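J.: Residue numbers (the working numbering): 51 to 221.
First the structure, which I've put down as structure tokens, then a few questions once you've had a look.
Here it is as structure tokens:
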């Protein structure tokens, strides 16, 4: 139904204004409604397309968790449908011995399938000495040349001397 409220407002539309006056919702012309409606339709269409392009949901096959407990210990593990496995257990070393002597320790491992199809596994310990990873895929330093190693061994076994003092210094 088309409402012509121009007569109620007390004016007669000119011929070129006839369309905008005849096609109004309330007192506003249709042109003011077209852009928000078109924008809403566009956003809705993009939202539907984004949902259809979403990634596959990877299921969690196994999940276990225990803690944190009163003594600072905990344990968790999970396994996913795309071959990601992870687990960690932690405890407080020297629990109850007082502040400054207690140390949080975590032992864990995780594995996943690399793009080339191989399984990457990393084991680790995290404690007062930092994060210490171990894994076959991690790079290793090149061997120390024999001449350098010999010099290091000599330095390690030689007594240290202090200049200006008397006798050897072992420090």
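We put the CB at the ideal spot given by N, CA and C, even for glycine.
Please read these numbers as outputs of a predicted model, since none were measured by experiment.
Going by DSSP in three states, residue 194 sits in which element: helix, strand or coil?
T.: Here residue 194 corresponds to residue number 144 of the chain shown, with the count starting at 1. If DSSP states are grouped into helix, strand and coil, residue 194 belongs with coil.
J.: I'd like to know whether the C-beta atoms of residue 109 and residue 131 end up nearer to each other than 9 Å.
T.: Numbered from its first residue, the chain shown carries residue 109 at position 59. Numbered from its first residue, the chain shown carries residue 131 at position 81. Yes, the pair counts as a contact, with Cβ atoms nearer than the cut-off.
J.: Run the CB neighbour count on residue 140, radius 10 Å, all protein chains shown included, and call it buried at 16 or more, exposed below.
T.: As a first step, residue 140 must be located in the chain shown, where it is residue number 90. Flag for residue 140 reads buried.
J.: Is residue 173 closer than 9 Å to residue 159 when the C-beta atoms are compared?
T.: Looking up residue 159 in the chain shown gives position 109. Looking up residue 173 in the chain shown gives position 123. Yes, Cβ-Cβ distance for residue 159 and residue 173 is below 9 Å.
J.: Specify the secondary structure class of residue 93 as computed by DSSP and reduced to three states.
T.: Counted from its first residue, the chain shown places residue 93 at position 43. Residue 93: helix per DSSP, three-state reduction.
J.: Would you mind reading off the limits of the beta strand (DSSP E) that contains residue 173?
T.: Position 123 of the chain shown holds residue 173. Where residue 173 is concerned, the enclosing beta strand (DSSP E) stretches over 169–177.
J.: Under a three-way DSSP split, which group does residue 157 fall into?
T.: For the purposes of this step, residue 157 is taken as the residue at position 107 of the chain shown. Strand at residue 157.
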